[in-house]
Amino acid sequence: MKNDMPEELRDRFIPYIQLHEFEGLLFSDISVFKNNFTSDELQFSELEEAVKSADTPEEINNGPATAPSVRLMKAIAGYNKVVYGACLASEIGLTSIRSKCKLFDEWITLCLL
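Just so you know, the sequence shown maps onto residues 0 to 112 in numbering that gives the first Met the number 0.
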């Protein structure tokens, strides 16, 4: 990819490869989900179980049946990956995500140098 870029931009290219799905970052602060879904829509215990299953949100994923997006679809009635993901991430905020997701934080730090 870097070689396909104009040479004058190559030094600005800092790739980031997410360990698992983007939705893993959303587990940085699951309390936000209570503000966005009714108790009828949300099975909060599913989110708590996901958080307990890994050391960091970035590591939540034990296979296709437990991928972050699958866990969210199970926990939230009518979960729409495209619509809700960005909104939840925005409300969670970079500070919370960076504090819980070391790999993501390291990439952001590199980009800010």
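By construction, the Cβ of each residue, glycine as well, lies at the ideal position given by its N, Cα and C atoms.
- Query: V81: which of E20, M0, E6, K1 sits nearest, CA to CA?
  - Reply: Nearest of E20, M0, E6, K1 to V81, Cα basis: E20.
- Roughly how many angstroms separate the alpha carbons of P67 and E22, rounded to a whole number? P67 and E22 have their C-alpha atoms roughly 5 Å apart.
- Mind reading off the beta-carbon distance from F26 to P56? Whole number of angstroms is fine, and I expect it under 8 Å. Indeed they touch by this definition, with Cβ atoms about 4 Å apart.
- Mark Y15 as exposed unless 16 or more other C-beta atoms lie within 10 angstroms of its C-beta, in which case mark it buried. Classified as exposed, Y15 has fewer than 16 neighbouring CB atoms from the shown chains inside 10 Å of its CB.
- Please list, in chain order, all residues of the same chain as E90 whose beta carbon is under 6 Å from its beta carbon, the five residues on each side excluded. Annotation for E90: V31 place their beta carbon closer than 6 Å to its own, counting only its chain and skipping 5 residues before and after.
- Contact between the region 59–76 and the region 88–104 (3+ Cβ pairs under 8 Å): Cβ pair count under 8 Å is below three, so no.
- Message: Suppose you measure from the CA of T37 to the CA of S44; what does that come to, to the nearest Å?
- Response: Counting only the Cα atoms, S44 lies some 14 Å from T37.
- Message: Per the DSSP calculation, I75 is bridged to which residue(s)?
- Response: Answer is L41.
- Measure from the alpha carbon of L112 to the alpha carbon of each residue in L41, R11, A76, P5, then state which is nearest. Measuring C-alpha to C-alpha distances from L112 to each of L41, R11, A76, P5 identifies R11 as the nearest.
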